[in-house]
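Engineer:
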Amino acid sequence: MICMNLLIWSRPQFDAARVLKIPKRKGQGSCTGDRVGVTDEQNGVKRNGVAVASPRLEQIGVDAEFDYIWQRFPVDAPFLERFCWAADAVLSPRGAGWNWSISSIPRPYIPRHARDGERVVMEAVPRVTKSGFQRCLSETEFVYTRFNTIIRSYIVLDLVSILMEQDFYFAVGPGESHQRPLLPRYLQVLPRWLLTGYRVNLSLVACLSHISFEYSIIDLMQHWTMRTLFPSRSGLWMHASAFGSFSQVLDRGLAGWWGDYWHQTFRVPFLAPATFLIREGYIKPGTAAADAVAIFVSFFQSGLLHASGSLSSVANTKPWRPLLFFLIQAVGIIVERAANKWLRQHLPPLPKRLQRAANLGCALASLFFAGMLYFSDVASAGLWTPRPVPFSLFRGFAPGLRRFGSSEDT
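Just so you know, the sequence shown maps onto residues 1 to 410 in full-length UniProt numbering.
In structure tokens, the structure reads:
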């Protein structure tokens with residue numbers, strides 16, 4: 001879908017531009033001129049309509065020894081440079097460092113038409129975005145936060161995997177109860193709805209931990225590798241946190257979960273068909289129809305992506321389950337928005353705590369009732385059976401446990 005976005009729904013060779021880091025000219029404090037610069041007022045920060053000095057780049061975590069310019073597709077450059085430009089576009093799913101970057105992650109000011117060689121306003125890169133995605137200001141902070149996330153995720157994955165191995169559901173998915181070993185005593189006493197909630201929550205925690213773990217490792221590898229091979233792509237500001245702020249779920253409900261809190265890796269390609277229709281004038285931007293099309297197209301493509309993984313599985317899976325799960329999320333967001341609009345028009349403003357509690361309840365209800373569709377298919381595919389960590393910290397404290405009801409001790 002990333003390639004479909006670049007080849008079908010957009011024209012990167014004509015419209016895209018990436019941030020390029022270049023050495024400062026000798027004796028030059030910053031880029032100047034029409035193509036490699038902006039005016040002091042554009043470069044600075046405005047207060048009460050008056051341009052004031054920009055913050056020092058070192059204070060916002062940007063390497064002040066270099067200038068930053070926009071680079072459009074280098075048509076006349078050698079093949080290797082053109083190849084690297086195109087590969088960079090393919091390998092930047094969230095668009096970090098590009099003029100098509102998603103607004104959820106920290107990014108510089110993006111002009112409407114970025115000119116080749118035009119200075120990038122790096123002073124505009126926020127520390128934390130409205131969605132809650134954060135960037136690090138120093139390499140020490142970057143390394144600390146990523147290793148901290150790796151350690152915490154490792155511990156959670158270890159514990160979750162031990163709990164999953166006691167429930168045969170996580171090995172083969174849903175099925176007839178008489179065909180599988182008995183559940184552990186602490187699960188046998190749970191009513192069916194609570195057992196379902198336990199499985200959904202355990203699966204969700206495993207997903208969140210996996211994504212956090214993998215994102216942190218990839219960030220470290222990319223930063224250290226790019227710093228040597230491609231210095232322009234090694235900026236700390238390009239490595240935003242994996243997830244946004246959970247407060248967005250409290251403030252916006254299910255829409256906040258998927259639109260702000262979730263990792264947003266495929267947001268650009270998922271929205272690409274709707275963006276194309278709006279850009280070409282087939283749909284009027286800002287209308288209810290445009291919002292509905294964008295939501296359904298995004299979640300339909302997400303459902304197709306996850307259903308493809310189910311379809312390619314060797315196990316007996318049902319690809320319609322992940323597709324239906326994501327379509328239900330789209331319906332849930334539209335219903336949630338309509339309900340909020342109706343309540344604002346017919347009821348006095350509710351206390352903020354009550355509003356946040358209602359938003360959280362809507363999000364959790366949708367994830368709970370529909371989540372079993374997706375997670376059952378994940379379990380049927382056997383994705384939970386491999387142990388996620390090479391060395392367990394806790395398995396030795398519980399000797400005699402059976403792995404998915406088999407005679408093999410965990």
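For glycine and all other residues, C-beta sits at the position ideal for the given N, C-alpha and C. Nothing here was measured: the structure is a model prediction, and the numbers come from that model.
(1) Is it buried or exposed, A53, if we count other Cβ atoms within 10 angstroms and call 16 or more buried?
(2) Can you give me the Cβ contacts of L277 inside the same chain, cut-off strictly under 6 Å, excluding the 5 residues immediately before and after it?
(3) On a CA-only basis, which of L360, A77, K24, I102 is nearest R267? Give me that one, please.
(4) What residue does the beta strand (DSSP E) around K21 start on, and which one ends it?
(5) Cβ of G132 within 8 Å of Cβ of D260?
(6) Closer than 8 Å is the cut-off here; do at least three beta carbon pairs connect the segment 204-222 with the segment 60-72?
(7) Can you tell me whether DSSP reads W262 as helix, strand or coil?
(8) First and last residue of the alpha helix (DSSP H) that includes I211?
(9) Within a Cβ cutoff of 8 Å, which residues of the same chain sit near Q71, ignoring the five residues on either side of it in sequence?
(10) Going by the DSSP bridge assignment, what does D67 pair with across the sheet?
(11) Under 8 Å between the Cβ atoms of F299 and A330?
(12) In whole angstroms, what is the alpha-carbon distance linking R199 and A315?
(13) Using only alpha-carbon positions, find the residue among I110, P106, L91, G95 that is nearest to I69.
(14) What is the DSSP secondary structure of W98, reduced to helix, strand or coil?
(15) From the DSSP output, in three-state form, read off R189 for me.
(16) Going by beta-carbon coordinates alone, are S380 and G253 separated by less than 8 Å?
Structural biologist: On the basis of the data shown:
(1) Residue confidence is low: A53 scores 40 on pLDDT, short of 50, so the model does not pin down where it sits. No coordinate-derived value is stated.
(2) Non-local beta-carbon contacts of L277 in its own chain, meaning distances under 6 Å to residues more than five positions away in sequence, involve I283 in chain order.
(3) Closest by C-alpha distance to R267, out of L360, A77, K24, I102, is I102.
(4) 17-23
(5) yes
(6) no
(7) coil
(8) 192-229
(9) A17, R18, V19, L20, W85, D116, G117
(10) I22
(11) yes
(12) 20 Å
(13) I110
(14) strand
(15) Correcting the residue type first, residue 189 is Val in the shown sequence and not Arg. V189: coil per DSSP, three-state reduction.
(16) no
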